Structure formats: structure tokens, C-alpha cells
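Step one of this worksheet: look at the structure below.
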Amino acid sequence: MVQITKLALITLFILLAGMCLAQTQTPRLLSNAVFILPSGWEKVYDPMEVQALIKIKADSSAHLIRIMDDKRELSYLIEDYVQSLQVTPLIIDGNIRDTELLITIALVNAPRVYTSEEDDKPLPIASDKGYIYQWIEQVRMDDTIHNSSGHSCYLPPQMMRSDLYRSNYHFYGSIDPQINLRRMGISLPPSIFQTSLHYQNLRTFHTLTPRLNELCFEPRYYNQPVPLTVVQAGLGDYDHNYARGALYKNHFLDTDDLFFSFAFLVQDGWWLEQMSGQTSWNIHTRYQLNDYIVSLYYDNMDNALSSTNLKSIYWQSVIYNLEHKMRSLILSLQTPYADLKVMRYQEQTASSRLVENLINQGWLFSAGNRWDWTDAAVELQYEKAFRECNYEPLFDPAGFADRLILKTLYRHNPFIVETKLALDDFSAVSASGEFTWRRDVYETGVYARFRSPVPETFDQTDNLYLQEATLNSVNISQALATAIFVNWDRSHDLQINTAIGWQKVINNIPLTTHPESSNRHLNRNLVFADLNAHLDYHYQGVDWRLEQTLNWQQPEDELREYQVWRYQSRFQLTRPLPKQNALFGGLALTGHSSYISANELARFIEDSVILDAWAGFRITDLFEFTVSLKNLNDGFYYGAYPIPRSIHASVTWFYLN
């Protein structure tokens, strides 16, 4: 621990020294930068400001290079606004030069417009075409079926250790087990299923925001009075078919700030060596009155699943089918004084191979608030869980009765310090933090996370297949991880995110019938490195896009579920055509190195790689047709055969009424 502290102090000293040496004379704004958000803009920002990197030319004109913080949905608005700013250029030795300047723009909500007639009844909010098409583009990027991971390639350093493979709305793969999943600000309950299945269920209808050690899922919100419908459908070999639809409408029933949405998904096909399918639908309604917001969300989900969706401790030598049902209801009240939430969930899993149907249900209550100042913010939240379950799941960080969460944020250009501390059942502590220094297009810093206590015994969990029997479980923990990261974000054309660090990995391996296993406590201190890159380039009338993730861990043969290499490559060419049409095509490569599974079978999982290809035609911004070739090399992925080599076709249509 002393060495870790010294390393952190030395790193901090180097960063501070580099900042002092990097000071240069810069131009300045001639007036404060204040931007009024469009009427009906749904997002509330904390703080109400946006950081933008601008280019100032010798003629004193200003142009936007990129948005520097997480408010990139404002890019198309700020781009026009920046050109109206009055600035002074950079002058060195009497010479005027082009330069770049990082500025902070204050954000102001547009005032409501009232009429003097009909008792000052508010006028309807006009439709914002720019907002609508930006919203459509974001949904298209999230939902495109040839996007392997389903999220942006450019992620914070703690979020880079995920590599999911998808077909239609099936997802499978590895997500860092130390990452917490939250929906509408509430922690997910413990489960016997892998994290990739929860990701699949949530990603279909939610937006994803990575933050520190969390993946936060929120229902899609649309602030326009014009109804928007999204329809997707596809068919392919091995009965791989799906249909997905959603309707979004604000000012529902002619009521200001009343939002309503309905969405559904039906899909089936040969997935993970079984005929799998899903039928799900959800309703989301939201009403805002001044500073008070009431939200109600209900979803209903029926799944036919392969048993490889279970955590690997429950795997058997034969892959079988599971019937899974999930119902959840979330009620949320946001006030200036506190955010209150309550969730009721019911889950049932059935199969002829199980001793009995597995029931997992309960209530979860949450209360918290956030306090914001000019440069800082503090968030405090308490969660109380009441769970009813007829089995005892494997050790799971989500298994708590009481959870207290404290988050802090300090932002003073060019520094950002963000922390999260969680206390479970007033005994188990987990924490994560990130210190960042930003200057122009560069960003560097350190992050760390730890959890205490870690499992110290050779736990056993209920055997789902034999009455009054148990399974030996391999407790896998990352007790501590810390790293230095360096990011380079040059406008939107090139983004590179790198990290190198050290982690403490612990395996408790119980005695099993496998000759290579014994009662052992493996404690390893290992180095790791991550790379995340995104290139957008326009050449000869063609848009080139390349995304690359690469994760490496110091080799260690004895650890379970431990891959030395993981990677994803995605390359796409797009040829814009007149009248907003376009042709596109691409390739994706996803894979990992060999490892040993964490169950009594102690299976050796060989190196795996999967190759996909696709091509399509976009008709304006509202319609898209795609043909995909899946698993061209007929490979396996994380111990399962996800989908046979096959051809698929799909359409996506956005309809504005």
C-alpha cells in the first residue's frame, strides 16, 4: 500500500509540473459566452455550462473544434454560436497567428413564451428540427445491428474492458465484473445470469452513460410534440428474425411537459447453441411541473435463453434451454430537495433440468439528493433492498440490504476530480476515483478503484440441479486497480484513449474433481494495458471510420476467467450520395485469448475470433437497409457457439408524423 501511495504522489507531482511548464499566452473572449438552449430542451446540466475547444484565426474569426466534456449533443448548436463570438487573436513578436482556445460557455434555459389571451395559456412548443435529427442520429448509432458492442468506442478509461458480440438484439461476451449496472439511478438486484444478459435487456430500450465505475441506463426521453416512430425488422438464416418498434411523444394529450413512450421487441433464432427468443414491451411516462418530475416505467419481458447465459459456475457439460420471465415497475419523484425512487421486480427462471423454478423478487427503495456549486458537486444516496429468493446466488456485489453511496465532483479548469464511495451493509466498502488534467486536445490523469473485504473463504452456492446439494464456486475478485491514462481527442477525426496500470487479482479455488484444481488462494499482482482508438476521415468523397479496442493483461495461467488478450476492430466506409442518401459497408473482428472457466468443469476455452461483414443503403436520414454476413469464420466466443455462419437482412425506418 505504501508503494501505491508513493506511485500516486509521484504521478500527481509529474502532472502538476507538466501543467506549470505548459502555460502559454492565449487569446481571450471580449465578452462572456452565454448560450440560450432551445425551447423544450429536455436535458438538465450540472453545472449549467459546456466546455468547448475553439480555433481562433488571424482574422479574429472563431470556429468550433469540439465539445470537451460529455455534452456532445450540443455540438451542432454550439458550432453556429461560436462563430458569433468576438475574440482577440494570438500575437507573438508582432505576428498574428492561428491558435486554439478552451472556453467555458454558460448555458441558460429558454424562457417560456406566454400569450396574453386565454388566461395566459402557454403556447405550444415549436418543433426543433435540429434536435429531432440529432436525436435520430444518436438512436441510429446506438441501435445499428452491425455495431458489435452497441456503445461508442470512445469511453472513459475504466469502461474499456468490455467486449460484447451482438446479432440483432442478442448480446454475449465479457463485461468487467467490477462495473456496476444501474437503471434509472437504482442498482440492479443480484442474479444468477451473466452481466451481458442484463446489458442485452437494458440496452434495447435505454440510453447508456458510462460514469466512473458504473454503466447507467436511462429510458429514452424525447422532448418534441411531434410524434416519432422507430421501426426495425430483420430476417436471416436459422430463423434469426426480429421486429422492434417504439413510439415517442411529448406534450401527450395536449398537456405541456407530459411525455409518453411505448416500445416492444420480438426476436428469435439460433443463439448460443439453442433456439432463443425474446418478447418484451415497456411503457414510460414522465410529467414535469416546474422543478418537480414524476416518472413511471414498466417493462414486461419473456425470454427463451441458452444456459450459457448463466454465470459459468452453473454451466453443465450439456447446453439446455431456459424460460425466463421478468417484470419490473419503477416510480420516481424528483424534487429540488430529494430524489425518491421505488422499484418492484419479479423474476422467474424455469427448466426441466432445474430442481424447481427459481424465484427472485423484491422491493428496492432509494432516496438521495445532489448539491451543486460553481466548481463542485456532491451527491448522496441511500438504497434499501428487500429480496425474496428460493435459492442463494453466488457472491454478487449487488447482493446488499443497505447501501450508502457518496459521489463528489470538483471541476476547476484544467482539473477534474471525481470520486465514488459505496458502503454495503455498513461493512463492505468499494471506492473509485479519477483525477484528470485537460489542456486543449490532450487529457491525462490517474484512476483507481478498490473493494474490501474480498472473499476469503472457499464459498459454496446452491446446486440448481440436485436437491440439497452445493456447487463449489471460484471467488474471483479484483481487490485493487490503479492506472495512468492519456487521451488525445483531435476534433472528431481522431480519438485515442490509452491506459497502463496495475491490478491485484484474487482467486479462491476449491477442491474439485479436476486434477488441476485444489484448495488454493491465488493472489496475483499483475500489469495491464488498454487501448481505445476512433478514426473518422474523409477522403476522395468517402467517409472512413475505424474503431479499435485492445486489452492486454500480464499472463497468469492459473487464474480463472482471465484472458491475456481481448480485442474488437470495426471498419466502415460510407459514400455520401445526393439528397442525403448514402452507401456503406464494413467489417468487424472480435476475439479473445484462451482461459480456464470458473466452474467445476474447469473447461479450457481456446482462443476465439469472429468475423462479420455488412453493406447497406441509406435513403435520407430516415430509412436504412442492411445486409449482414455473421460469423464468417464459423468461430466460438467465450466458450459458446453464438451463431452459425449466416446471412441476414434488416431495415430501419424513422417516421415523423
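Heads up: the sequence shown is residues 1113 to 1769, going by my numbering.
Glycine included, every Cβ here is placed at the ideal spot set by N, Cα and C.
Only a predicted model underlies this, so the values are computations on that prediction, with no experimental measurement involved.
query, result
"How is the beta strand (DSSP E) around residue 1286 delimited, first residue to last?", "1282-1287"
"Enumerate in chain order the residues of its own chain whose CB-to-CB distance from residue 1478 is below 6 Å, with the five nearest sequence positions on each side excluded.", "1298, 1453, 1495"
"Between 1444, 1482, 1439, 1447, which lies nearest to residue 1471 when the distance is taken from Cα to Cα?", "1439"
"Please classify residue 1180: is it buried, with 16 or more other beta-carbons within 10 angstroms of its beta-carbon, or exposed?", "buried"
"Taking Cβ to Cβ, would you say residue 1772 is nearer than 8 Å to residue 1168?", "Any answer about residue 1772 is impossible in this case: the structure gives the chain only from 1113 up to 1769."
"Can you give me the C-alpha to C-alpha distance between residue 1400 and residue 1517, rounded to a whole angstrom?", "26 Å"
"Are there 16 or more other CB atoms within 10 angstroms of the CB of residue 1541, so buried, or fewer, so exposed?", "exposed"
"Measuring alpha carbon to alpha carbon, tell me which residue in 1707, 1738, 1714, 1757 is nearest residue 1722.", "1757"
"From what residue to what residue does the beta strand (DSSP E) around residue 1650 run?", "1632-1651"
"Please report how far the alpha carbon of residue 1698 lies from the alpha carbon of residue 1728, in whole angstroms.", "9 Å"
"What's the gap between the Cα of residue 1596 and the Cα of residue 1182?", "21 Å"
"The beta strand (DSSP E) with residue 1499 in it runs from where to where?", "1488-1501"
"When we look at the beta-carbon of residue 1386 and count the other beta-carbons within 10 Å, is it buried (16 or more) or exposed?", "buried"
"Taking all protein chains shown into account, decide if residue 1059 is buried (16 or more other Cβ within 10 angstroms of its Cβ) or exposed.", "There is no way to answer for residue 1059, as the model of the chain reaches only from 1113 to 1769."
"When DSSP labels each residue in this structure, what does residue 1755 get in the three-state scheme?", "coil"
"Run the CB neighbour count on residue 1566, radius 10 Å, all protein chains shown included, and call it buried at 16 or more, exposed below.", "buried"
"May I have the straight-line CA-CA distance separating residue 1388 from residue 1725, to the nearest angstrom?", "23 Å"
"With 16 as the cutoff for other CB atoms within 10 Å, does residue 1155 come out buried or exposed?", "exposed"
"Whose CA, out of 1460, 1563, 1313, lies closest to the CA of residue 1281?", "1313"
"For the alpha helix (DSSP H) that residue 1192 lies in, which residues bound it at each end?", "1187-1194"
"If you draw a straight line from the alpha carbon of residue 1335 to that of residue 1219, how long is it in whole angstroms?", "18 Å"
"Measuring CA to CA, which of 1530, 1526, 1487, 1536 is closest to residue 1497?", "1536"
"Which of the three DSSP states, helix, strand or coil, is assigned to residue 1251?", "helix"
"For residue 1585 and residue 1659, I'd like the C-alpha separation in whole angstroms.", "37 Å"
"Helix, strand or coil for residue 1465, going by three-state DSSP, please let me know.", "coil"
"Classify residue 1224 as helix, strand or coil using the three-state DSSP reduction.", "Only weak support exists for where residue 1224 lies, its pLDDT of 45 falling under 50; the coordinates are left without a value."
"Under 8 Å, do residue 1594 and residue 1558 count as touching if we go by C-beta distance?", "yes"
"Among 1364, 1591, 1581, 1681, which one has its Cα closest to the Cα of residue 1638?", "1591"
"Which one of 1749, 1741, 1748 has the shortest CA to CA distance from residue 1762?", "1741"
"Count the other CB atoms within 10 Å of the CB of residue 1808; is the residue buried (16 or more) or exposed (fewer)?", "The requested residue 1808 does not occur in the structure, where the chain is confined to residues 1113 to 1769."
"Whole angstroms are fine: how far does the CA of residue 1468 sit from the CA of residue 1266?", "Residue confidence for residue 1266 is low, a pLDDT of 44 falling below 50, so the modelled location carries little weight and cannot support an answer."
"By Cβ distance below 6 Å, which residues in the same chain neighbour residue 1611 in space, the five residues on each side in sequence not counted?", "1269, 1595, 1597, 1642"
"Ignore the nearest five residues each way along the sequence and tell me which others in residue 1765's own chain have a CB closer than 6 Å to its CB.", "1343, 1735"
"Hey, would you say residue 1655 sits closer than 8 Å to residue 1688, going by beta carbons?", "yes"
"For the stretch 1422-1446, list the beta strand (DSSP E) runs that are entirely contained and at least 3 residues long, ordered along the chain.", "1433-1446"
"Mark residue 1580 as exposed unless 16 or more other C-beta atoms lie within 10 angstroms of its C-beta, in which case mark it buried.", "exposed"
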